[in-house]
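Right, one structure below, let's go through it.
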Amino acid sequence: MQDFERDVSVTLTKSYDKNEVITSIRRHFKLLKLHELIKPEMKVLLKPNLLMKRKPEETTTTHPAVVGGIIACLKELGVTDITIADSPGGPYTKHALTGIYEASGMRAIAEEYNIKLNCDFGSFERVVDNGVMVKTFTLINPVKDADFIIDIAKLKTHAMTTISGGVKNLFGTVPGLMKPEFHWRFPEKDNFCNMLLDLCSTINPDVTFVDAIVSMEGNGPSGGTSKNTDMMLASRSPYNIDIALCKIIGIKVDDAPTVNNAIKRGLSVSDFSMLNMIGDTIQCFDDYKIPQVKSLGFYDAMPKFLMKPMKPIINRFLTSKPIIQEKKCIGCAKCSESCPADTISIIDKKAIIDYSKCIKCFCCHEMCPVKAIEIKRFKMFDF
Ligand code: SF4
Ligand code: SF4
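At position 45 of the sequence shown (counting the first as 1) the number is 45 in our numbering, and the numbers step up by one without a gap.
Printed below as a string of structure tokens:
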């Protein structure tokens with residue numbers, strides 16, 4: 001790891017006011033010396049988190065003011081060839097993306113700054129150097145053409161990975177419904193997270209920003225609630241920035257499997273104290289709500305010698321599971337489209353899960369537009 005990869009810049013940013021955000025991003029560019037890397041003739045790809053058709057104030061997607069602020073700073077460096085691209089959950093089609101671009105505010109930002117919104121829904125194959133889980137990824141075309149990639153994540157909790165930050169955001173470079181296939185191939189959390197790390201090292205973003213002005217706590221990445229955290233962060237390393245995010249939301253690195261596997265693989269530093277924090281002082285929250293699924297605590301509390309023999313039993317009976325709230329369900333089938341185990345049927349306009357095939361990936365929870373899927377937490381005394 002190079003020294004500059006330890007740098008994580010922080011700016012206190014209290015609102016999405018256009019001028020405040022641009023001023024804040026200019027500071028990040030300066031703190032990380034991005035002007036030394038970015039050349040006017042480069043093709044720059046911006047990869048925000050556009051998970052689903054949600055408005056910016058719903059805290060599910062990267063705020064357009066942050067994307068706009070980065071574009072403004074790129075233009076100050078003379079860059080003109082800038083593309084916004086993401087493959088959200090669900091189908092990767094012009095129809096699906098048009099609605100998401102509109103709702104998320106990306107269409108308005110692209111028009112304001114006269115830059116491109118990706119309309120190429122093709123893909124290509126890239127071989128992974130030293131992949132632990134995956135040897136080849138199929139990726140969205142804009143990745144192939146880019147000279148400089150900016151990962152623009154949103155600080156959110158995540159039912160499976162605990163934290164959705166710099167590494168997890170890059171899952172959106174895999175086209176549409178190929179994403180659930182990875183849940184099917186790698187149902188075990190550490191394997192899935194190692195696949196995400198293979199992907200991140202393949203994309204190798206040049207810089208990662210995190211919109212942590214208003215973040216999502218609770219049942220993220222789409223069913224949680226908003227929390228003012230008043231910061232923007234940036235780093236040349238998506239792995240190290242995620243260590244700083246753990247610090248902000250008050251979890252141990254061992255509780256975030258993308259982070260602890262990155263540490264094991266030597267992709268990041270091993271501890272927050274080894275980061276070179278620059279800019280403003282990072283704000284940490286001891287009341288940040290983590291996903292219910294992570295509150296289980298049972299397996300973690302078990303003596304180590306019992307963990308291995310008990311694991312199959314725990315996985316089968318004692319883990320959290322998705323529950324359809326029938327009254328809220330509108331029968332849109334977005335959960336069933338994204339279910340890698342093909343275990344959700346829509347009957348009489350209501351979703352029904354066949355739990356015998358469910359792999360607990362929580363894609364359905366992530367994709368439900370009306371928060372009709374809850375994660376039922378196992379309680380030891382429910383027997
Ligand atoms: S029902 Fe939900 S949690 Fe279960 S496999 Fe399907 S998408 Fe994953
Ligand atoms: S559970 Fe949610 S995603 Fe599934 S059909 Fe009902 S409303 Fe749609």
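C-beta: ideal position from N, C-alpha, C; glycine also. Since the model is a prediction, treat every value here as computed from it, not as a measurement.
Just to confirm the assignment, what range does the beta strand (DSSP E) spanning residue i have?
i, result
"Asn228", "Thr225 to Ser235"
"Met216", "Val207 to Glu217"
"Asp7", "Asp7 to Leu12"
"Glu36", "No beta strand (DSSP E) holds Glu36; DSSP gives it neither H nor E."
"Asp198", "Where Asp198 is concerned, there is no enclosing beta strand (DSSP E), although the alpha helix (DSSP H) it sits in stretches over Lys189 to Ile203."
With 16 other CB atoms within 10 Å as the buried threshold, where does residue i fall?
i, result
"Lys376", "exposed"
"Pro40", "exposed"
"Val127", "exposed"
"Thr202", "buried"
"Phe124", "exposed"
"Tyr355", "exposed"
"Asn19", "exposed"
"Thr93", "exposed"
"Asn228", "exposed"
"Phe4", "exposed"
"Ala212", "buried"
"Cys119", "exposed"
"Lys179", "buried"
"Gly166", "buried"
"Ile330", "exposed"
"His63", "buried"
Out of the options, state which residue places its alpha-carbon closest to the alpha-carbon of residue i.
i, options, result
"Met133", "Leu139, Leu199 and Thr80", "Leu199"
"Glu217", "Thr162, Lys357, Gln325 and Ile353", "Thr162"
"Gly176", "Pro91, Glu188 and Met106", "Pro91"
"Tyr113", "Asn219, Ile353 and Gly105", "Gly105"
"Leu196", "Phe121, Arg265, Cys358 and Lys55", "Arg265"
Is any heavy atom in ligand 1 found nearer than 7 Å to the beta carbon of residue i?
i, result
"Pro340", "yes"
"Thr343", "yes"
"Thr364", "Here residue 364 is Cys; the residue named in the question, Thr, does not match the sequence. Because some heavy atom of ligand 1 lies under 7 Å away, the Cβ of Cys364 counts as near it: yes."
"Pro322", "yes"
"Ile251", "no"
Return the Cβ separation of residue i and residue j in integer angstroms, given the expectation that the two are a contact with Cβ distance under 8 Å.
i, j, result
"Leu45", "Ala146", "4 Å"
"Asn261", "Asp254", "Not confirmed; about 10 Å, so no contact."
"Val10", "Gly279", "5 Å"
"Asp206", "Leu37", "7 Å"
"Val67", "Pro48", "5 Å"
"Ile290", "Glu374", "With 8 Å as the limit, Ile290 and Glu374 do not qualify as a contact, their Cβ atoms being about 16 Å apart."
"Asp230", "Leu12", "6 Å"
"Phe209", "Ile84", "At roughly 13 Å, the Cβ-Cβ gap does not stay under 8 Å, so Phe209 and Ile84 are not in contact."
"Leu51", "Thr59", "Wrong, their Cβ atoms sit about 11 Å apart, outside the cutoff."
"Lys334", "Ala372", "Wrong, their Cβ atoms sit about 10 Å apart, outside the cutoff."
"Phe272", "Ile243", "6 Å"
"Lys357", "Thr343", "4 Å"
"Thr173", "Ile140", "6 Å"
"Cys193", "Pro257", "4 Å"
Cβ of residue i versus every heavy atom of ligand 2: is any distance shorter than 7 Å?
i, result
"Gly223", "no"
"Gly89", "no"
"Cys368", "yes"
"Cys73", "no"
"Lys334", "yes"
"Pro372", "Position check: residue 372 holds Ala in this sequence, whereas Pro was assumed. For ligand 2, at least one heavy atom lies less than 7 Å from the Cβ of Ala372."
"Cys200", "no"
"Gly99", "no"
"Gly331", "yes"
Note the first and the last residue of the continuous alpha helix (DSSP H) segment covering residue i.
i, result
"Gly68", "Pro64 to Glu76"
"Lys135", "Run containing Lys135: none; DSSP gives neither H nor E here."
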